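Colleague: Residue numbers for the sequence shown follow this note's numbering, beginning at 2 and rising by one. Glycine residues also receive a C-beta, built at the ideal position from the N, C-alpha and C atoms. A quick note: this is a predicted structure, and the numbers were derived from the prediction, not measured. Handing you a structure now.
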Amino acid sequence: MKEQVLKEWFERGKHDIEVAKILLAEEEYFDVVLFHIHQAVEKYLKGFLIFKGWELKKIHDLEVLITEVISFDIEFQRYLDFGRKLTDFYYEERYPPGPVTSYTKKEVREMLEIAEEIINRLKEGVRQ
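Next comes the structure, spelled out in structure tokens:
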């Protein structure tokens with residue numbers, strides 16, 4: 002049962018990260034790319050936590066989710082700033098008014114790389 006739920010969360014997260022890569026390669030809609038990066042990381046974090054026995058909380062704050070993961074892997078402390086930054090972006094974009102947040106392609110690529118690092122670490126964490 003837990004393995005099936007994990008698979009479902011990870012599959013949904015995989016779709017988001019792949020969409021982010023496609024959009025980053027093809028378009029200049031960095032706000033949409035970052036939205037999908039956020040969604041991917043959120044889904045992988047939640048899947049990992051549920052697999053570890055965590056009860057689902059319907060939140061979007063990556064910093065909170067990363068803090069929960071730290072109890073299983075202390076190395077996740079290094080991702081707290083990333084989680085805070087991506088969550089701030091998420092709320093700015095989802096709840097206007099205000100202009101679309103502006104990031105460069107280089108910044109978005111760097112955030113994608115960190116997201117993939119987090120995802121890979123979470124995948125390894127469920128194999129242990």
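Report, in whole angstroms, the separation of the C-beta atoms of Asp74 and Lys44, which I expect to be a contact under 8 angstroms.
Modeller: Incorrect: roughly 18 angstroms between the Cβ atoms, too far for contact.
Colleague: Any idea what DSSP makes of Gly84, helix, strand or coil?
Modeller: Helix, per DSSP.
Colleague: CB Leu123 to CB Ala21, shorter than 8 angstroms?
Modeller: No; because the gap between Cβ atoms is not below 8 angstroms, this pair is not in contact.
Colleague: Apart from the five residues just before and just after Leu24, which ones in its own chain have a Cβ nearer than 8 angstroms to its Cβ?
Modeller: Excluding sequence neighbours, Leu24 sits near Tyr30, Val33, Val34 and His37.
Colleague: Going by DSSP, what residue range makes up the alpha helix (DSSP H) through Gln5?
Modeller: Lys3 to Glu27 is the extent of the alpha helix (DSSP H) around Gln5.
Colleague: Report the three-state DSSP secondary structure of Lys53 (helix, strand or coil).
Modeller: Coil.
Colleague: By Cβ distance, which residues of its chain are closer than 6 angstroms to Gly48, with the 5 residues on each side in sequence left out?
Modeller: Same-chain partners within the cutoff: Leu7, Trp10 and Phe11.
Colleague: Buried or exposed: where does Val42 fall if 16 or more other Cβ atoms within 10 Å of its Cβ makes it buried?
Modeller: That one is buried.
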